[in-house]
Amino acid sequence: MMSRLCKGILVSGIGIVMATVGLGVANAEPPPNCTVADIAGVAGGVNFAMSAYLFTHAEVNAELSSLEGLPEQQTVERARAYLEAHPQVAAELRGIRAPLTELRARCNVSLPTQHDVLG
């Protein structure tokens, strides 16, 4: 089973691609390196890196997986509490997500905020 947080991360990647399909129609020529293919590549890379991190950090994987089935607000609160208590983990996860953050700023792409406990 995939936790809601992990699903949110995956959905974020898919959402980025879907959001840019509309962006490409509105603007005939997207900024450099902001095509749907570029965005899908970045989202896929971030999802792959997040998966690798969670598989190699069993405690983090277990904690985030334990959030499965909880109401959304409780999921967010517990994930935030865990990350506040483990600042190194939070920093590492932000580092993994950095390419998406940079892409959002550079390409003016909206990212879904569902389960976005990292800010």
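Under the UniProt record's numbering, the sequence shown has 30 at position 30, and the numbering climbs by one with no breaks. No residue lacks a Cβ here, since even glycine has one placed at the ideal position from N, Cα and C.
DSSP state of residue i, grouped into three classes?
i    : result
G35  : Looking at the sequence itself, residue 35 is Thr, so the reference to Gly does not match. Three-state DSSP puts T35 in coil, outside helix and strand.
S110 : coil
Confirm, please, whether the CB-CB distance from residue j to residue i is below 9 Å.
i    : j   : result
R106 : N33 : yes
L67  : Q74 : yes
Hey, residue i and residue j are a contact pair by Cβ (cut 8 Å); roughly how many whole angstroms apart?
i    : j   : result
P99  : G45 : 7 Å
L54  : L64 : 7 Å
L103 : V42 : 5 Å
Could you work out which residue in the options is closest to residue i when comparing CA atoms only?
i   : options                : result
L93 : E77, R78, A52 and L103 : A52
E59 : E77, T35 and V89       : V89
F48 : H86, I96 and H57       : I96
H57 : H86, I39, R78 and E77  : H86
Of all the alpha helix (DSSP H) runs that stay within the bounds of the UniProt domain "Haemophore haem-binding" (32 to 108), which reach a length of 4 or more residues?
-> The UniProt domain "Haemophore haem-binding" (32 to 108) contains these whole alpha helix (DSSP H) runs: 36 to 56, 58 to 65, 72 to 85 and 87 to 107.
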